[in-house]
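Shown next, in structure tokens, is the structure this report addresses.
Protein chains: 2
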Amino acid sequence: MSQSLGRALQILVSLGEGDRSLDQLATELDVHKTTVLRLLRTMEAERFVRRDEAHRYRLGSRLFSLADAAREQHVVRAVAAPHLRQLNQRTGQTVHLAAYENGQVIYIDKLDSVQSVRMYSQVGVPAALHCTAVGKVLLAAQPKRQREALLGTIEYHRFTPNTITGPDQLRDELDKVRAQGWAQDRAEHESFINCIGAPITERSGRVVGAVSISVPDVLLNYEQVLELLPDLLATTAAIGVDYH
Amino acid sequence: MSQSLGRALQILVSLGEGDRSLDQLATELDVHKTTVLRLLRTMEAERFVRRDEAHRYRLGSRLFSLADAAREQHVVRAVAAPHLRQLNQRTGQTVHLAAYENGQVIYIDKLDSVQSVRMYSQVGVPAALHCTAVGKVLLAAQPKRQREALLGTIEYHRFTPNTITGPDQLRDELDKVRAQGWAQDRAEHESFINCIGAPITERSGRVVGAVSISVPDVLLNYEQVLELLPDLLATTAAIGVDYH
DNA sequence: GGGCTGATTGCGTAGAATGCAACGACCGTT
DNA sequence: AACGGTCGTTGCATTCTACGCAATCAGCCC
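Just so you know, the protein sequences line up as chains A and B, in that order.
Using the working numbering, you'd call the opening residue of the first sequence number 1 and step up by one each time.
Using the working numbering, you'd call the opening residue of the second sequence number 1001 and step up by one each time.
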């Protein structure tokens, strides 16, 4: 909607990948370098970007405090933290916390497995809606209109042979999720990794987040992962009670 | 330089202090709410802000990954970290790492005292140039023109009776700092807290940051703080060697 | 159901943002 | 030390964008 602002945000995202020179940025955005310069100057004044002695541009220190603030503004994160830690310790598996954010599902916390299993998820990065447990849970919790709109816009990228690849199939899956109160992901996103996820529901019935447990099948098979379900549901219930 | 972008950044800073409604923001910026709405929409699309069900606006998740990137882009932070930890453990005192960022000095890392002494400094927030050890060190290291320009723009706010309150006095102080290779702050910023700070100089002679130790005088008097100086200088030297 | 508050949209206009071209600073080269 | 090249920076004219207005719409409380 706002052209210059949109370009400025693009610059910030680009700088997130590494430092850039002025016309490197101009080339990326396909605008005149004068334009880029003025945007950078404005952001520099507010410390969103900084410039080293060799005139290479980097992200500025304002982002430190803003990110802290963004974290604190996720009430659910703070409330959930102790419960997630316990769940992580009891099960020893990777635990994720995610929240809905205008049309997307974002990981807002992550506790690693005691085994050093690497997962591609990362705090602050969107989760796929059609093939992750948290994605399904939070999508299922959206009001119908919103949900249907999203079903249409998802790119049903086929990550594994098990990935759901169309809106109709996903709609059925979401109905099931809503009925049973939790979601599964049987190697739909990463081969050899199974997940279960459940919504955090606060007193009024509003879903404010989702928790998932992810387990590589070399550690536990799917049936064994299902045995963790009561623990997961107890955790999300406890978070919901603490939330207010 | 760019009006709309400037306003957008103001919005982000404002949201950093807490969530806002649309015309709360419009009032703060003193613009029409239509304008604010369009800026918010643009930022929403890039996940810089999010909007909850009650149409209150908050900071978005994009800031998470950007802040991580901003941190990683400070090479000195990673290099210094282990040395700072050791210095913090050996002395037991509050240790700060700061860097110069277009006309300001920003704390980019902080290790707390073993005693629970609260200091007002915070990572990502600017340090006063005229009354902190890191401020003096980094200001002293600037090229002359830059330095003189800054001497003129500083607001010489008098925090304590010891605070330097004018450019001439500060210029003399900076000469001393440059000559001796370190800076002091004898209760110039916070009463009852003394600091010493030293520059991190990499091989080529460029100053890439500053480290300081802060001690409340209930724990050590100024002479005792000076006894920590060799340890501080050894630390900054070691960081300088590791830096490349 | 009615009146409120607050969000949203269409539109014309003013002014801001843009691109151009010329200038300037800096660096390395000969 | 002069030169050429690269890259950042500035002044200016033009155009298109961002702005505010007023009307509409949605939701909420009485």
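For glycine and all other residues, C-beta sits at the position ideal for the given N, C-alpha and C.
Would you decide whether A/Thr165 is buried or exposed? Buried here means 16 or more other CB atoms lie within 10 Å of its CB. Exposed, because fewer than 16 other Cβ atoms sit within 10 Å of the Cβ of A/Thr165.
Using the Cα positions of A/Ala8 and B/Leu1039, report the straight-line distance between them to the nearest angstrom. 12 Å
With a Cβ-Cβ cutoff of 8 Å, do B/Phe1064 and A/Gly124 count as a contact? In this structure, A/Gly124 lies closer than 8 Å to B/Phe1064 by Cβ.
Show which residues of chain B have a CB atom less than 7 Å away from the CB atom of A/Asn102. Glu1044, Arg1050, Arg1051
Amino acids of chain A, ordered along the chain, whose beta-carbon sits closer than 9 Å to that of B/Ser1061: Ala70, His74, Ala99, Glu101, Gln104, Ile106, Tyr107, Ile108, Val123, Gly124, Val125, Pro126
Who are the neighbours of B/Leu1012 on chain A, taking C-beta pairs under 9 Å? Glu46, Phe48, Arg62, Leu66, listed in chain order.
Please identify the residue among A/Gln10, A/Leu111, A/Met43, A/His157 whose C-alpha is closest to the C-alpha of A/Val31. A/Gln10
What does the alpha-carbon distance come out to for the pair B/Lys1206 and A/Pro199? Correcting the residue type first, residue 1206 of chain B is Arg in the shown sequence and not Lys. Roughly 53 Å between the two C-alpha positions.
Interfacial residues, the stretch 2–27 of chain A to chain B, with Cβ spacing under 9 Å: Within the stretch 2–27 of chain A, the residues whose Cβ lies closer than 9 Å to some Cβ of chain B are Ser2, Gln3, Ser4, Leu5, Gly6, Arg7, Ala8, Leu9, Gln10, Leu12, Val13, Leu15, Gly16, Glu17, Gly18, Asp19, listed in chain order.
B/Tyr1243 - DSSP class collapsed to helix/strand/coil: If DSSP states are grouped into helix, strand and coil, B/Tyr1243 belongs with coil.
Can you find a CB in chain A that lies within less than 8 Å of the CB of B/Leu1039? yes
Applying the criterion that 16 or more other CB atoms from any shown protein chain within 10 Å of the CB defines a buried residue, is A/Gln122 buried or exposed? exposed
So is B/His1189 buried or exposed if we call it buried at 16+ other beta carbons inside 10 Å? buried
Sequence-distant residues of the same chain with beta carbon closer than 6 Å to B/Val1215, five excluded per side: Gln1093, Asn1194, Val1225
Is it true that the stretch 1047–1059 of chain B meets the stretch 50–64 of chain A, where meeting means three or more beta-carbon pairs spaced less than 8 Å apart? no
Apply the 10 Å Cβ neighbour rule to A/Ser2 and answer buried if 16 or more other Cβ atoms are within range, or exposed otherwise. Flag for A/Ser2 reads buried.
Ignoring anything shorter than 4 residues or poking outside the stretch 22–62 of chain A, list the alpha helix (DSSP H) runs there in chain order. 22–29, 33–45
Using the C-alpha atoms, what's the distance from A/Asn88 back to A/Val246? Outside the shown range of chain A, which is 1 to 244, sits residue 246 of chain A, and nothing can be said about it.
Hey, could you find the ends of the alpha helix (DSSP H) B/Arg1020 is sitting in? Here B/Arg1020 belongs to no alpha helix (DSSP H), and DSSP marks it neither H nor E.
Excluding the 5 residues preceding and the 5 following B/Arg1077 in the sequence, name in chain order all residues of the same chain whose CB lies nearer than 7 Å to its CB. Arg1071, Leu1097, Ile1108, Asp1109
Beta-carbon neighbours of A/Arg147, restricted to chain B and to distances below 7 Å: The contact set of A/Arg147 on chain B, defined by CB atoms closer than 7 Å, is empty, because the minimum CB distance reaches about 14 Å.
Is A/Val218 buried or exposed, if buried means 16 or more other CB atoms sit within 10 Å of its CB? exposed
Tell me which residue opens and which closes the beta strand (DSSP E) that A/Ala84 is part of. Reading off the sequence shown, one finds Leu at residue 84 of chain A, where the question assumed Ala. Per DSSP, A/Leu84 belongs to no beta strand (DSSP E); it is in the alpha helix (DSSP H), 75–91.
Please decide whether A/Arg58 counts as near chain B, where near means a Cβ-Cβ distance under 8 Å. yes
For A/Val211, name the three-state secondary structure that DSSP assigns. Correct three-state label for A/Val211: strand.
Within this structure, are the beta carbons of B/Gly1197 and B/Val1241 separated by less than 8 Å? no
Looking only at its chain, what residues have a beta carbon closer than 7 Å to the beta carbon of B/Leu1170, apart from the 5 residues adjacent to it on each side? His1130, Leu1151, Ile1164
Kindly confirm or deny that the stretch 1176–1184 of chain B and the stretch 1143–1159 of chain B touch, where touching means at least three C-beta pairs closer than 8 Å. no
Cutoff 6 Å; reference A/Ala140; Cβ partners in own chain excluding five residues on either side: Leu174, Val177, Arg178
How would you call B/Arg1047, buried or exposed, if buried means at least 16 neighbouring beta carbons within 10 angstroms? buried
Applying the criterion that 16 or more other CB atoms from any shown protein chain within 10 Å of the CB defines a buried residue, is A/Tyr120 buried or exposed? exposed
Member of B/Pro1161, B/Gly1018, B/Thr1160, B/Thr1153 whose CA lies at the smallest distance from the CA of B/Asp1168: B/Thr1153
Would you please state the rounded distance, in angstroms, between the beta carbons of A/Gln73 and B/Asp1019? I believe it to be under 8 Å. 6 Å
Rounded to whole angstroms, what is the Cα-Cα separation between B/Thr1236 and B/Arg1090? 15 Å
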